[in-house]
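Since the structure comes first, as structure tokens, the remarks are kept for the end.
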Amino acid sequence: MEYKNMPDVWTEFYEKAFKHLRKSLNLNISDNDIEKSEKILRSFNPKVNYREIDLPPEKIFKEATAHWDCSIPLNEMINSFFLSVDLVPYIYPDTLTVLEKLKKKYRIAALTDVASGMPDEMHRKYCAELMPYFDFYVSSITCGYRKPNPKGLEDIADHFGIAAHEIIVVGDEEKDIIAAKRFGCESVLVDRKNKHSDYDGLIVKDLNGFAELLMPDIEQ
Numbered sequence: 025m026e027y028k029n030m031p032d033v034w035t036e037f038y039e040k041a042f043k044h045l046r047k048s049l050n051l052n053i054s055d056n057d058i059e060k061s062e063k064i065l066r067s068f069n070p071k072v073n074y075r076e077i078d079l080p081p082e083k084i085f086k087e088a089t090a091h092w093d094c095s096i097p098l099n100e101m102i103n104s105f106f107l108s109v110d111l112v113p114y115i116y117p118d119t120l121t122v123l124e125k126l127k128k129k130y131r132i133a134a135l136t137d138v139a140s141g142m143p144d145e146m147h148r149k150y151c152a153e154l155m156p157y158f159d160f161y162v163s164s165i166t167c168g169y170r171k172p173n174p175k176g177l178e179d180i181a182d183h184f185g186i187a188a189h190e191i192i193v194v195g196d197e198e199k200d201i202i203a204a205k206r207f208g209c210e211s212v213l214v215d216r217k218n219k220h221s222d223y224d225g226l227i228v229k230d231l232n233g234f235a236e237l238l239m240p241d242i243e244q
């Protein structure tokens with residue numbers, strides 16, 4: 025899945041989201057306050073300032089709004105902030121079909137990096153249609169680290185009581201493949217948008233392509 029019409033880095037939405045927050049919660053904060061908050065939030069964005077350790081949304085927004093003169097609960101501010109971005113989840117047409125086939129013979133885990141500052145429970149709601157197919161769910165918030173750190177894969181292996189070589193990581197970003205290599209897993213890159221034509225590992229165009237790689241173990 026992906027969020028429709030969203031760039032790789034969400035920083036361009038920060039100003040709009042903070043202004044929405046000010047209006048919706050009737051906060052007495054200035055444009056300068058918002059500009060400062062925007063810069064602080066940018067500093068936490070891992071695609072702006074690389075980091076593998078993930079941080080709780082409350083810590084991020086507490087620092088980003090510490091200079092505000094208000095007593096609104098952090099959770100309320102965080103929810104208002106992200107609701108203003110109008111996120112629209114899009115599940116690719118092949119996703120549910122392939123997951124349904126895989127679930128008949130394999131255990132499936134999800135490992136996802138949550139957008140910086142977003143609560144894990146909010147992210148889970150956006151991908152609620154996928155959740156029933158997962159035997160285990162790990163996010164950067166629940167494990168404390170973002171990919172390519174392999175901590176999430178360690179948690180998955182521990183949960184199922186299996187070794188790294190028994191896991192196949194299916195991802196659509198370079199960091200997914202690096203995390204797999206660090207942990208010693210096999211990996212398959214899903215390149216739906218033909219961004220990785222020079223990749224020399226296992227690569228498919230969609231999840232149907234991944235299912236075909238498992239043939240004859242899985243019925244098409």
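For the sequence shown, position 178 (counting from the first letter as 1) is numbered 202 according to the numbering used here, and the numbering increases by one without interruption.
Every residue gets a Cβ at the ideal spot worked out from N, C-alpha and C, and that includes glycine.
Asked	Found
Alpha carbon to alpha carbon, how far is residue 170 from residue 34? Give it in angstroms, no decimals.	17 Å
Who are residue 136's beta bridge partners in DSSP?	163
Give a yes or no on whether the C-beta atoms belonging to residue 120 and residue 157 are separated by under 9 Å.	yes
Have a look at residue 67 and residue 129 and give me their C-alpha separation to the nearest angstrom.	43 Å
Take the Cβ of residue 160 as the centre, count every other Cβ of all protein chains shown within 10 Å, and call the residue buried at 16 or more, exposed below.	exposed
May I ask whether a heavy atom of the ligand ATP can be found less than 8 Å away from the beta carbon of residue 82?	What this structure holds is no ligand at all, so the ligand ATP is not there to describe.
For residue 49 and residue 96, which I take to be in contact (beta-carbon distance under 8 Å), what is that distance rounded to the nearest angstrom?	5 Å
I'd like the span of the beta strand (DSSP E) that includes residue 210, first residue to last.	210 to 214
Which residue's Cα is closest to the Cα of residue 145: 164, 210, 228?	164
Rounded to whole angstroms, what's the CA-CA distance from residue 181 to residue 44? Just pull it up for me.	42 Å
How would you write the range of the alpha helix (DSSP H) that residue 122 sits in, first residue to last?	117 to 127
Expressed to the nearest angstrom, what Euclidean distance is found between the alpha-carbon atoms of residue 91 and residue 57?	7 Å
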